[in-house]
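J.: Numbering (my numbering), first residue to last: 7 to 133.
(1) Could you pull the start and end residues of the alpha helix (DSSP H) that residue 74 belongs to?
(2) Less than 8 Å between the C-beta atoms of residue 115 and residue 66, yes or no?
(3) Would residue 24 and residue 81 be called neighbours here (beta carbons separated by less than 8 Å)?
(4) Quick one, which of 105, 10, 74 has its alpha-carbon nearest residue 127's?
(5) What first and last residue would you give for the alpha helix (DSSP H) that runs through residue 36?
(6) Can you give the Cα-Cα distance for residue 21 and residue 59, rounded to whole angstroms?
(7) Which residue's Cα is closest to the Cα of residue 124: 102, 113, 71, 100?
(8) What residues in its chain sit with their C-beta under 6 Å from that of residue 107, if we drop five residues either side in the sequence?
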């Protein structure tokens with residue numbers, strides 16, 4: 007019974023994080039930087055949740071550890087956090103700068119995960 011409760015807690019945490027990651031990407035990043043229109047917000051949010059879920063499933067199959075997969079997702083989202091704050095302060099940033107920031111953030115987290123492994127320190131370094 008305790009194992010089942012632990013699994014439910016882990017899954018609940020993971021699906022909440024997937025939803026909040028999707029909301030952060032779509033509302034804070036894409037909508038604020040005018041990549042999408044407000045009329046398409048719900049549709050893009052659903053597509054984002056499905057895409058992140060598929061990515062998480064594939065990553066879980068490759069890594070074979072739910073906790074490490076969650077740490078990797080947290081590191082990816084934390085690396086984009088500074089960009090979201092900058093967009094809030096100055097929403098008229100050049101789209102090329104935003105795209106390069108996203109690319110460098112993702113590549114940096116992936117390289118750090120490959121070189122140092124996935125752990126709690128990956129989340130700290132991604133800031």
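We put the beta carbon where it would ideally sit given N, CA and C, even for glycine.
If you're wondering where the values come from, they're calculated on a predicted model, not measured in any experiment.
T.: The answer reads as follows:
(1) 72 to 95
(2) no
(3) no
(4) 74
(5) Segment: none, residue 36 is in no alpha helix (DSSP H) and carries neither H nor E.
(6) 8 Å
(7) 71
(8) 89
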